[in-house]
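Since the structure comes first, as structure tokens, the remarks are kept for the end.
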Amino acid sequence: MKEAPVRRSIPLTLIAAIFALSGTVFSPTQAATGPCKPGEGADLRGRDFTHGAQLPADLRCADLTEARLNGVDLTLKDLTGAILRGASLKQANLTQTTLKYADLRDADFTEADLGQLHADYADLRGAIMIDAEAGQAEFPYADLSGAKLTRAELTQADFTNAKLVDADLNESTPGQLKARKADFTRAKLHDARMGQSNLRNATFKDADVSEATFTQAELDGTDFAGALVEGASFVQADGADLTGSEGNPKGVAGLPTDTGFLPDDGSEPQVDRRPPPRGPSVGLIMVVLSAMGLALTMVIWGISTQRRNRRNAQFALIRHNAEEDITRLGEEIDRLDYEFQISGRGGMTADQDWRRAIDAYEAAKIALAVAQRREELHFVAQAVQDGRAALDRLKTRSL
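Here the working numbering is used: the first residue of the sequence shown is 1170, the next is one more, and so on.
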């Protein structure tokens, strides 16, 4: 009975020590080298692989500073924690490549294929991704300050909690973007197409979003203070608050214009001064009865509308809470993955419960997307519960 607490306290102490050494704040810069020790990986600095030179099988933590990898196929390669600072990867194929915690500062990905890239916590400050194909690429918690993503294809890319201060996304296509709490301060987003994107609680302070498209985007809590919104489209955008912004956007509801009822020539409207007929006429009675019927119809319609609005409001609130639960589950998965990486327990991600947690997370997202009624959100809650249960079992075994 007395040994159990001792067995638990030892690994907890070790984990606390690891966090103390690596820093408890998971900034992208710190996380870029989190899993790797200096000199741990292969030393490939300055090497040229553009003419068919063979890459090592193990590229985790490799140092590829200023290496030349133009046109090289890196599909499905694992470069977790690798250093590619100043490397040239023009037109390279990085489909489903893992670059978590990697140092990619000033790396050149011009016209590269970055589809489904995994770059969680990566340091991409000053990186060049002009004309890159990065659909469904993942950059959560990454630092892309000053990065150049001009004309980049970013459909369904994930920039959750990412930092894009001073980044250039002019003429890019980040449709259906996941950028909750992302920081776009002073970013250039002229003519960027961000329709149907999740930009809740994101920051666009002093950013240039002129001529950009935010059609049907989720903008609850988004800050546009000082942003240039001239010609930007916010048609059917949810929660758009442009307080403090500059310019004339499109699709934002304004005050109604009162045109009045005076004749065009400005003269007083003519009044029929004939005396009213004596006694109620059949026509008047019909008008009164019609008005009463219309009033009754309006009352019934109003009650029905109020009920429907209440149901819709309740559904929207529950759906919002369900979406927040899914987001938190995803963040829990990211944090646990980070802990495994920095503590040298990356093999835990091969555990069956890890796969169950990932599957539950994906199932919850699908269930939320198709839910139309309050009852259908039960499947979302069940999937999130299953995912958290799997993570709890995994944490228990990892201690």
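In this text, a Cβ means the ideal position worked out from N, Cα and C, and glycines have one as well. This structure is a prediction, so every number in the text was calculated from the model and none was measured.
DSSP state of residue i mapped onto helix, strand, coil
i, result
"isoleucine 1299", "coil"
"leucine 1397", "strand"
"histidine 1287", "strand"
"glutamate 1280", "coil"
"serine 1257", "strand"
"aspartate 1292", "strand"
"aspartate 1232", "strand"
"asparagine 1370", "coil"
"proline 1180", "Because the pLDDT at proline 1180 is just 47, under 50, the model does not fix this residue reliably, and the value given afterwards should be weighed accordingly. Proline 1180: helix per DSSP, three-state reduction."
"arginine 1274", "coil"
"lysine 1332", "strand"
"alanine 1326", "coil"
"proline 1438", "At proline 1438, the pLDDT of 48 sits below 50, so the modelled position is not reliable and the matter cannot be decided from this model."
"glutamate 1380", "coil"
"alanine 1558", "helix"
"aspartate 1506", "helix"
"threonine 1249", "coil"
"serine 1402", "strand"
"asparagine 1339", "coil"
"lysine 1317", "strand"
"glutamate 1415", "strand"
"aspartate 1242", "strand"
"glutamate 1500", "helix"
"aspartate 1494", "helix"
"threonine 1466", "helix"
"arginine 1477", "helix"
"arginine 1216", "coil"
"threonine 1267", "strand"
"lysine 1357", "strand"
"arginine 1349", "coil"
Rounded straight-line distance, which links the Cα of residue j to that of residue i
i, j, result
"leucine 1411", "asparagine 1490", "25 Å"
"lysine 1206", "alanine 1261", "27 Å"
"glutamine 1285", "methionine 1467", "53 Å"
"threonine 1244", "alanine 1301", "15 Å"
"threonine 1372", "serine 1459", "54 Å"
"arginine 1294", "asparagine 1481", "43 Å"
"leucine 1283", "threonine 1474", "48 Å"
"asparagine 1417", "leucine 1498", "39 Å"
"proline 1225", "aspartate 1360", "42 Å"
"alanine 1536", "alanine 1351", "25 Å"
"leucine 1268", "glutamate 1380", "33 Å"
"alanine 1485", "leucine 1228", "46 Å"
"alanine 1550", "alanine 1533", "7 Å"
"glycine 1277", "arginine 1477", "Note on identity: in this sequence residue 1277 is aspartate, with glycine being the wrong assignment. About 53 Å."
"alanine 1552", "glutamine 1223", "44 Å"
"arginine 1488", "glycine 1208", "48 Å"
"leucine 1465", "valine 1457", "12 Å"
"threonine 1428", "alanine 1401", "Confidence in threonine 1428 is poor, its pLDDT being 37 and thus under 50, which makes the residue's placement unreliable; the coordinate value appears in the next sentence. C-alpha separation (whole angstroms): 27 Å."
"valine 1421", "leucine 1563", "48 Å"
"tyrosine 1290", "glutamate 1307", "10 Å"
"alanine 1356", "threonine 1342", "15 Å"
"aspartate 1377", "methionine 1517", "43 Å"
"aspartate 1503", "glycine 1240", "30 Å"
"serine 1196", "tyrosine 1270", "Unreliable placement is indicated for serine 1196, whose pLDDT of 42 sits below 50; no coordinate value is reported for it."
"glutamate 1280", "aspartate 1392", "31 Å"
"leucine 1248", "leucine 1263", "11 Å"
"glutamine 1325", "aspartate 1212", "35 Å"
"glutamate 1399", "glutamine 1541", "35 Å"
"leucine 1358", "arginine 1566", "46 Å"
"glycine 1513", "aspartate 1506", "11 Å"
"arginine 1362", "tryptophan 1470", "39 Å"
"glycine 1221", "aspartate 1292", "28 Å"
"threonine 1329", "glycine 1462", "54 Å"
"asparagine 1370", "alanine 1396", "15 Å"
"valine 1440", "isoleucine 1454", "Bear in mind that a pLDDT of 47 at valine 1440, under 50, signals an unreliable position, so the number given afterwards is only what the model happens to contain. C-alpha separation (whole angstroms): 23 Å."
Cβ distance (whole Å) where residue i is taken to contact residue j below 8 Å
i, j, result
"glycine 1250", "proline 1204", "4 Å"
"phenylalanine 1353", "leucine 1333", "5 Å"
"alanine 1394", "lysine 1374", "5 Å"
"alanine 1321", "alanine 1288", "Contact flag wrong, Cβ pair sits at about 13 Å."
"threonine 1246", "threonine 1219", "The identity of residue 1246 in the sequence shown is lysine, whereas the question assumes threonine. Actually they are not in contact, since the Cβ atoms of lysine 1246 and threonine 1219 sit about 16 Å apart, beyond 8 Å."
"glycine 1215", "alanine 1231", "Between alanine 1231 and glycine 1215 the Cβ distance is about 13 Å, and since that is not below 8 Å, they are no contact."
"leucine 1273", "alanine 1303", "That pair is no contact at about 13 Å."
"aspartate 1389", "glycine 1413", "Not quite, the Cβ-Cβ distance comes to about 17 Å (not below 8 Å), so this is no contact."
Near the ligand NAP: residue i beta-carbon under 7 Å from a heavy atom
i, result
"proline 1225", "In the structure on display, the ligand NAP does not appear, and there are no ligands present to speak of."
(message) Three or more C-beta pairs under 8 Å: does that hold for the segment 1251 to 1268 against the segment 1230 to 1243?
(response) yes
(message) Does the structure place the segment 1364 to 1371 close enough to the segment 1383 to 1392 that three or more beta carbon pairs sit under 8 Å?
(response) Counting Cβ pairs under 8 Å, three or more are found: they touch.
(message) Using a Cβ distance threshold of 8 Å, determine whether the segment 1325 to 1341 contacts the segment 1309 to 1317, with at least three qualifying pairs required.
(response) Contact holds: three or more Cβ-Cβ distances are below 8 Å.
(message) Using a Cβ distance threshold of 8 Å, determine whether the segment 1519 to 1534 contacts the segment 1553 to 1566, with at least three qualifying pairs required.
(response) yes
(message) My parser needs the alpha helix (DSSP H) runs of 4 or more residues fully inside the segment 1508 to 1555; what are they?
(response) 1521 to 1539
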